[in-house]
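Undergrad:
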Amino acid sequence: MAEVQQRLQGLTTGYQNIQQGELHKPHLTGFYMLIPQQSYKTMQKLESQQQENKAVQKEFSGLKDEANIYKMVGPVLLKQDKTEAVLAVDGRLEYIENEIKRVEKQIKDVEDKSDELRAQIMQAQSESQPQGQGPQPQAIA
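Per the numbering used here, the sequence shown runs over residues 709 to 849.
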């Protein structure tokens, strides 16, 4: 009985840590997983950058091939070839889309781990109930 209670306590602590964003296990890539709140902030930032780059891409599509395009590098505007500018924006969009996929996977991994721990907690709670008594509702935050 004490083993079940100890297991239940460990699972509950792990679940609370995930919910509070304290999951710091190294990811397969060697990077630490972002806490959920940071992941959502990162996702918002990436989506904003994606929209900005799509707007630039749309503006470029309406320009003639001989149009002058300038790129700001520090305090200086440098003339840039349209093909080069389009390729740079396309490359940024591809990078942003890959980052969005990566962050979505991180969020899903944390949510899956949370769901798995919740199921284990419910199983441990049912095991800790004395035989003959019905389950007592217990809130999982």
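Beta carbons: idealized from backbone N, C-alpha and C, even for Gly.
#1: So which of 772, 769, 789 and 771 has the shortest CA-CA distance to residue 778?
#2: Is the beta carbon of residue 716 closer than 9 Å to that of residue 836?
#3: In chain order, what residues of the same chain lie with their CB nearer than 7 Å to the CB of residue 787, ignoring the 5 residues before and after it?
#4: Can you give me the C-alpha to C-alpha distance between residue 822 and residue 723, rounded to a whole angstrom?
#5: Residue 784: buried (16+ other C-beta within 10 angstroms of its C-beta) or exposed?
#6: State buried or exposed for residue 720, treating a residue as buried only when at least 16 other CB atoms are found within 10 Å of its CB.
#7: If you measure between the beta carbons of residue 712 and residue 761, is that distance less than 9 Å?
#8: Tell me which residue opens and which closes the alpha helix (DSSP H) that residue 795 is part of.
TA: The answer reads as follows:
#1: That would be 789, whose Cα lies nearest to the Cα of residue 778.
#2: For the pair residue 836 and residue 716, the CB atoms are nearer than the 9 Å cut-off.
#3: Hits under 7 Å: 776 and 778.
#4: Each residue's Cα considered, the two are about 6 Å apart.
#5: Exposed: under 16 other Cβ atoms inside 10 Å.
#6: So residue 720 counts as buried.
#7: Contact: no.
#8: Counting along the chain, the alpha helix (DSSP H) containing residue 795 begins and ends at 790-836.
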